[in-house]
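Q:
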């Protein structure tokens, strides 16, 4: 039996590393991040996720009761239908890799009020343990060349504290690890791309890694 990590175990390890990074970063900021359980401001609006995230979400859905899983997938399908009505090219391929930035930004703006299909009425995430990597690090705005970007309205209501260099360096290493895993999976699965909109990731028929559950 090979001791090489499978795509599934590698992804789980990366998810755990990202969560631990966020926990340590939050502690280093003396818990001054405004993000708390029940705050779901960043769960509103559609955004791209990767095929790695898609696999995690599909795994999370299998852990839910049938009724809850079906409800989430119905919400996702309704969102996909609405999005494809405005952007028909998504009906032939859900991948966003070759989309121009202006078109992706237009889509995000038009559907900025869409809640995540897994967001509950209480403001919780139904698949929290299997949430995408970007959700695991959400709350600490990226810092590029000394400028903090991507902060939400709630974050900008208080002074934004910058992380120290070692945390940013570790963040870059995690991003590099994610990129390597994406490249490997892309080649292995011969997928059309690596990024897709969040609602598509909840739909089994769009899930290119489903066979990994039975491998």
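In this note's numbering, the protein residues as written are 34 to 248.
The beta carbon of each residue, even a glycine, is placed where N, CA and C say it ideally should be.
By the three-class DSSP mapping on this structure, what secondary structure does residue 228 have?
A: Taking the first residue of the chain shown as position 1, residue 228 is located at position 195. In this structure, residue 228 counts as strand in the three-state DSSP scheme.
Q: Which residues in the same chain as residue 197 place their Cβ atom closer than 8 Å to its Cβ, once the five residues preceding and following it in sequence are excluded?
A: Residue 197 sits at position 164 when you count from the first residue of the chain shown. The residues are 61.
Q: If you check the beta carbons only, do residue 113 and residue 232 fall under 8 Å apart?
A: Translated into positions along the chain shown, residue 113 becomes position 80. Translated into positions along the chain shown, residue 232 becomes position 199. Yes, Cβ-Cβ distance for residue 113 and residue 232 is below 8 Å.
Q: Under a three-way DSSP split, which group does residue 147 fall into?
A: Against the chain shown, residue 147 aligns to sequence position 114. Residue state, collapsed to three classes: coil.
Q: Is it buried or exposed, residue 249, if we count other Cβ atoms within 10 angstroms and call 16 or more buried?
A: Nothing can be reported for residue 249: it is not among the residues displayed for the chain, which extend from 34 to 248.
Q: Could you give the residue range of the alpha helix (DSSP H) that holds residue 153?
A: On the chain shown, residue 153 is found 120 positions in, with the first residue counted as 1. Careful: residue 153 lies outside any alpha helix (DSSP H) and carries neither H nor E.
Q: CB-CB under 7 Å to residue 152, same chain, minus the five flanking residues each way: which ones, in chain order?
A: Walking along the chain shown from the start, residue 152 turns up at place 119. Once the five neighbours on either side are set aside, the close Cβ partners of residue 152 are 73, 76 and 158.
Q: Between residue 150 and residue 108, how many whole angstroms is the CB-CB distance? I'm expecting something under 8 Å.
A: Working through the chain shown from its first residue, we reach residue 150 at position 117. Working through the chain shown from its first residue, we reach residue 108 at position 75. Rounded, the Cβ-Cβ distance is 4 Å, consistent with contact.
Q: Could you tell me the alpha carbon to alpha carbon distance between residue 45 and residue 104, rounded to whole angstroms?
A: Within the chain shown, the letter at position 12 stands for residue 45. Within the chain shown, the letter at position 71 stands for residue 104. The straight-line gap from Cα to Cα measures roughly 26 Å.
Q: Expressed to the nearest angstrom, what Euclidean distance is found between the alpha-carbon atoms of residue 161 and residue 95?
A: Counting from one through the chain shown, the residue named residue 161 turns up at place 128. Counting from one through the chain shown, the residue named residue 95 turns up at place 62. Whole-angstrom Cα-Cα distance: 13 Å.
Q: Exposed or buried, residue 111, counting other C-beta atoms within 10 Å across all chains shown (16 or more means buried)?
A: Indexing the chain shown from 1 puts residue 111 at position 78. Residue 111 should be labelled exposed.
Q: Reducing DSSP to helix, strand and coil, say where residue 83 ends up.
A: Working through the chain shown from its first residue, we reach residue 83 at position 50. It is a strand residue.
Q: Quick check: residue 89 and residue 154, are their CB atoms within less than 8 Å of each other?
A: Taking the chain shown and counting its residues from 1, the one referred to as residue 89 is at position 56. Taking the chain shown and counting its residues from 1, the one referred to as residue 154 is at position 121. No, the pair does not count as a contact, with Cβ atoms beyond the cut-off.
Q: Quick check: is any heavy atom of the ligand GTP less than 7 Å from the C-beta of residue 211?
A: Looking at this structure, you won't find the ligand GTP or any other ligand, since it has none at all.
Q: Would you decide whether residue 234 is buried or exposed? Buried here means 16 or more other CB atoms lie within 10 Å of its CB.
A: On the chain shown, position 201 is the one that residue 234 refers to. By the neighbour-count rule (16 or more Cβ atoms within 10 Å), residue 234 is buried.
Q: On the premise that residue 130 lies in contact with residue 228, defined as a C-beta separation below 8 Å, what is that separation, rounded to the nearest angstrom?
A: In the chain shown, residue 228 corresponds to position 195, counting from 1. In the chain shown, residue 130 corresponds to position 97, counting from 1. Indeed they touch by this definition, with Cβ atoms about 6 Å apart.
Q: Between residue 211 and residue 163, which are expected to be in contact by the criterion C-beta below 8 Å, what is the C-beta distance as a whole number of angstroms?
A: Position 178 of the chain shown holds residue 211. Position 130 of the chain shown holds residue 163. Not a contact, Cβ separation roughly 16 Å.
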